[in-house]
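See structure below.
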Amino acid sequence: MKIFTDTAAWRCWLADHHASATEVWVVPAKKGTTNITRVARLRQAGRMRPAGLAEVERAKAEGRWDA
74 MKIFTDTAAW RCWLADHHAS ATEVWVVPAK KGTTNITRVA RLRQAGRMRP AGLAEVERAK
134 AEGRWDA
């Protein structure tokens with residue numbers, strides 16, 4: 074398990090490992106925050122990366138997105 078204390082550290086790790094990590098579990102620090110809300114905010118801000126968008130589409134296709 075890897076814990077990131079800030080978003081800069083998370084982004085740095087993700088930039089280095091997004092192509093090699095087979096799975097990542099993101100547990101929001103703020104209770105009640107959902108990935109759907111987070112992705113919507115990232116898209117609106119223009120900060121959603123292609124690899125992240127691809128994983129969202131894969132999760133939707135596999136039925137994990139609305140679970």
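Sequential numbering from 74 applies to the sequence shown in my numbering.
The beta-carbon is built from N, C-alpha and C at its ideal position, and this holds for glycine as well.
Residue from the options with nearest C-alpha to residue i
i: Thr78; options: Thr107, Ser93, Lys133 and Val99; result: Val99
i: Arg84; options: Arg131, Glu135 and Ala124; result: Ala124
i: Met74; options: Arg116, Glu96 and Arg122; result: Glu96
i: His91; options: Gly136, Asp139, Arg137 and Leu126; result: Leu126
Per-residue DSSP class, three states only, for residue i
i: Arg111; result: helix
i: Ala92; result: coil
i: Arg116; result: helix
i: Trp138; result: coil
i: Trp98; result: coil
Continuous alpha helix (DSSP H) stretch holding residue i: start and end
i: Val129; result: Pro123 to Glu135
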